[in-house]
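Structure first, then comments.
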Amino acid sequence: MPAPSPTVRPDLRHTVTARAENLPGVYRFLGPRGEVLYVGKSIRIRTRLLSYFRGEKGGREAELVRTARSVEWDYVPNEFEALLRELRLIQSFRPRFNVRHRRRRRFAWIRLTPGPAPRLVATRTPRGDGSRYFGPFPASRALPRTLRELAHVAGLRDCPDKTPIHFADQLDLLGTPRTPLCIRGETGTCPAPCAALCTQEEYREGVRRVEAFLTGASDELPRLLRARMKEAARAREFERAARLRDRAQRMEDLQERVVEFHRHLHRLSFVYHIQGAGPDEDRRYLIVGGRVRHTFSGRDPTHGEVLGASPQRLRRILREPPEHPWTLSSAQREELFLVIRWFRQRPGELERTRPLEELLT
Ligand code: SF4
């Protein structure tokens, strides 16, 4: 739908009253040099825009209206599209009044480092460096501690990356220190590859346990802690038992979050159909692993076919390998979280979805 031409102050309010309709859409307040000051969305553009002129004196809305020189808007066929458009415009213009979106949510990932003796590290910036990533999680101070506990129970090192590593099955042991470089090697929570006290295969066993835990394939590690907790309780070491119980609980929570997130993503692969008021406003969103990979707009009124959805084009999209969230740019990740939130808050919308393959038939 064509957008109304920008409205110049002092006619801002008048033009909104005269032209804006109560339809879903995305609006932009523009500054003196045409810069985008604020982007918003509403399912009722007219009502929303008029509410800015009733903003509390000294409040953010009143300040925006005072600063803005014009306002423009586009109508979109549905609220889902309005949310997507709003996010994309905010990402591209970074308007200064969009405090809500500018204050980016912080996420952290679990990084299983590459190399002969992998470590577990919490990071905010996934990189394509051969590491394996699990997550994301809302960033928290507790994550590094839980990872240390996980490394201890699985038998992975947590010393600096540059610690020299010598496996027992390496042939050249000349000059290799035989004493572990930290207390963990003495207490048995690390197989101590710094002192050639384990073979590479023995170390890999710990890595496999961690991978099985983080993919939800096994709950061996928290079970191990629960068993130790019972032993401690039997020995009347109640403080130790309580510490082990808390550790097991933290670990179970971590596993549930990472596994549930990926299960949820896997379920978000379908064609989401939102019927519009007319054929032009029909939308089909091709969503794969929570990402909107393509939008088909409209349908042929004579034959009822989805416009632009040729079988070749669809097959090409569906053949693309699934994206892991950590390979996405931060803008793409924000959009992924938007889609996840949309369906989580509105489970009834899943009834408008169809299997991806249905578009091909
Ligand atoms: S025992 Fe050695 S390999 Fe294990 S954490 Fe300590 S320094 Fe690192």
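In terms of the working numbering, the sequence shown has 429 at position 292, counting the first letter as 1, and numbering is strictly consecutive.
Glycine residues also receive a C-beta, built at the ideal position from the N, C-alpha and C atoms.
Remember, predicted model here, so these are calculated numbers, not experimental data.
Less than 9 angstroms separating the beta-carbons of E193 and R165?
Taking the sequence shown and counting its residues from 1, one reaches residue 193 at position 56. Taking the sequence shown and counting its residues from 1, one reaches residue 165 at position 28. Not a contact, by the Cβ cut-off of 9 angstroms.
Rounded to a whole number of angstroms, what is the C-alpha to C-alpha distance between H403 and T432?
The sequence position of residue 403 within the sequence shown is 266, counting from 1. The sequence position of residue 432 within the sequence shown is 295, counting from 1. Their Cα atoms are separated by approximately 19 angstroms.
Taking the C-alpha atoms as reference points, what is the distance between C327 and R478?
Here residue 327 corresponds to residue number 190 of the sequence shown, with the count starting at 1. Here residue 478 corresponds to residue number 341 of the sequence shown, with the count starting at 1. C327 and R478: Cα-Cα distance of roughly 40 angstroms.
Say the cut is 8 angstroms; is the CB of A333 nearer than that to a heavy atom of the ligand SF4?
Counted from its first residue, the sequence shown places residue 333 at position 196. Checking the Cβ of A333 against the ligand SF4 gives no.
Considering only their Cβ atoms, is the gap separating R450 from S434 smaller than 9 angstroms?
Translated into the one-based positions of the sequence shown, residue 434 becomes position 297. Translated into the one-based positions of the sequence shown, residue 450 becomes position 313. Not in contact: S434 and R450 (Cβ atoms no closer than 9 angstroms).
Could you compute how far the alpha carbon of E286 sits from the alpha carbon of R264?
Taking the sequence shown and counting its residues from 1, the one referred to as residue 286 is at position 149. Taking the sequence shown and counting its residues from 1, the one referred to as residue 264 is at position 127. Roughly 24 angstroms separates the two Cα atoms.
Count the other CB atoms, across all protein chains shown, that sit within 10 Å of the CB of T152; report buried if there are 16 or more and exposed otherwise.
On the sequence shown, position 15 is the one that residue 152 refers to. Answer is buried; the Cβ neighbour count reaches 16.
Quick check: F244 and P275, are their CB atoms within less than 9 angstroms of each other?
Within the sequence shown, the letter at position 107 stands for residue 244. Within the sequence shown, the letter at position 138 stands for residue 275. Contact: yes.
Sort A305, Q307, R261, P330 by Cα distance to L293 and report the nearest one.
By 1-based counting over the sequence shown, the position of residue 293 is 156. If we check each option's Cα against that of L293, P330 comes out closest.
Helix, strand or coil: which one does DSSP assign to L226?
Stepping through the sequence shown from its first residue, residue 226 is reached at position 89. Here L226 sits in helix by DSSP.
Quick one: what's got a C-beta closer than 6 angstroms to A414's C-beta in the same chain, skipping five residues either side?
Taking the first residue of the sequence shown as position 1, residue 414 is located at position 277. Closer than 6 angstroms at Cβ, skipping near neighbours: no residue.
Apart from the five residues on each side of it in sequence, which residues of its chain come closer than 7 angstroms, Cβ to Cβ, to E418?
As a first step, residue 418 is located in the sequence shown; it is residue number 281 there, counting from the start. Answer for E418: P214, listed in chain order.
If we ignore side chains and look at the alpha-carbon of each, how far apart do I227 and V163 end up?
On the sequence shown, position 90 is the one that residue 227 refers to. On the sequence shown, position 26 is the one that residue 163 refers to. Roughly 11 angstroms between the two C-alpha positions.
Out of curiosity, what's the CA-to-CA distance linking L167 and R203?
Along the sequence shown, read from residue 1 onward, the residue named residue 167 stands at position 30. Along the sequence shown, read from residue 1 onward, the residue named residue 203 stands at position 66. Distance between the alpha carbons of L167 and R203 is about 11 angstroms.
R170: which of S207, G177, R150, R382 sits nearest, CA to CA?
For this step, residue 170 is matched to residue 33 along the sequence shown. When only C-alpha atoms are compared, the closest one is S207.
Going by the C-beta, is G272 closer than 8 angstroms to any heavy atom of the ligand SF4?
Numbered from its first residue, the sequence shown carries residue 272 at position 135. Flag unset: Cβ of G272 not near the ligand SF4.
Could you tell me how far apart the beta carbons of I180 and A219 are, in whole angstroms, since I believe they sit closer than 8 angstroms?
Stepping through the sequence shown from its first residue, residue 180 is reached at position 43. Stepping through the sequence shown from its first residue, residue 219 is reached at position 82. With 8 angstroms as the limit, I180 and A219 qualify as a contact, their Cβ atoms being about 7 angstroms apart.
Please classify S268 as buried or exposed, where buried requires at least 16 neighbouring CB atoms within 10 angstroms.
Translated into the one-based positions of the sequence shown, residue 268 becomes position 131. S268 comes out buried.
When a residue counts only if its C-beta is closer than 6 angstroms to some heavy atom of the ligand SF4, which residues count, in chain order?
Counting every residue whose Cβ lies closer than 6 angstroms to a heavy atom of the ligand SF4, we get R294, D295, C296, T300, P317, L318, C319, R321, G322, C327, A329, P330, C331.
Which whole-angstrom value describes the C-beta separation of F234 and L201, a residue pair presumed to lie in contact below a C-beta threshold of 8 angstroms?
For the purposes of this step, residue 234 is identified with residue 97 of the sequence shown, where counting begins at 1. For the purposes of this step, residue 201 is identified with residue 64 of the sequence shown, where counting begins at 1. So it is a contact: roughly 5 angstroms between Cβ atoms.
Enumerate in chain order the residues of its own chain whose CB-to-CB distance from E494 is below 7 angstroms, with the five nearest sequence positions on each side excluded.
Working through the sequence shown from its first residue, we reach residue 494 at position 357. Excluding sequence neighbours, E494 sits near nothing in its chain.
According to DSSP, is I302 part of a helix, a strand, or is it coil?
Position 165 of the sequence shown holds residue 302. Coil.
Can you give me the C-alpha to C-alpha distance between I302 and R315, rounded to a whole angstrom?
As a first step, residue 302 must be located in the sequence shown, where it is residue number 165. As a first step, residue 315 must be located in the sequence shown, where it is residue number 178. Those two C-alpha atoms are separated by around 11 angstroms.
Is G162 helix, strand or coil by DSSP?
As a first step, residue 162 is located in the sequence shown; it is residue number 25 there, counting from the start. Residue state, collapsed to three classes: strand.
Looking only at its own chain, which residues have a Cβ that is under 7 angstroms from the Cβ of M366, when we skip the five neighbours before and after it?
Looking up residue 366 in the sequence shown gives position 229. Once the five neighbours on either side are set aside, the close Cβ partners of M366 are A378, L381, R382, A385.
Which of helix, strand or coil does DSSP assign to T464?
Within the sequence shown, the letter at position 327 stands for residue 464. If DSSP states are grouped into helix, strand and coil, T464 belongs with the helices.
Below 7 angstroms CB to CB, which residues in the same chain sit around A259 once its five sequence neighbours on both sides are set aside?
Taking the first residue of the sequence shown as 1, we reach residue 259 at position 122. Closer than 7 angstroms at Cβ, skipping near neighbours: A245, I247, L280, P281, L284.
What is the DSSP secondary structure of G177, counted as helix, strand or coil?
Within the sequence shown, residue 177 is the residue found at index 40, counting from 1. Correct three-state label for G177: strand.
Looking only at DSSP bridge pairs, what is I424 linked to?
Here residue 424 refers to the residue found at position 287 when the sequence shown is read from its first residue. Beta-bridge pairing links I424 to F407, V429.
Let me know the secondary structure DSSP gives E457 once reduced to three states.
Counting from 1 along the sequence shown, the entry for residue 457 is found at position 320. E457 falls in the coil class under three-state DSSP.
Using the DSSP secondary-structure output, state which residues sit across from T260 in a beta bridge.
Residue numbering aside, residue 260 sits at position 123 when the sequence shown is read from its first letter. T260 pairs with W246.
Apart from the five residues just before and just after P470, which ones in its own chain have a Cβ nearer than 7 angstroms to its Cβ?
Reading the sequence shown from its first residue, position 333 is the one you call residue 470. According to the sequence shown, residue 470 is Arg rather than Pro. The residues are P462.
Once the 5 residues before and after E374 are set aside, which same chain residues still bring their CB inside 6 angstroms of it?
Looking up residue 374 in the sequence shown gives position 237. Correct list: empty, nothing qualifies.
Going along the chain, which residues of its own chain have a beta-carbon closer than 8 angstroms to the beta-carbon of V145, five neighbours each way excluded?
Translated into the one-based positions of the sequence shown, residue 145 becomes position 8. Because V145 sits at a pLDDT of 43, beneath the cut-off of 50, its placement in the model cannot be relied upon, and the point is left open.
Considering only the alpha carbon of each residue, which of R150, E172, L221, L174 lies closest to L186?
Sequence index remark: in the sequence shown, residue 186 carries index 49 (1-based). The candidate whose alpha carbon is nearest that of L186 is R150.
Under three-state DSSP, which class holds F350?
Working through the sequence shown from its first residue, we reach residue 350 at position 213. F350 falls in the helix class under three-state DSSP.
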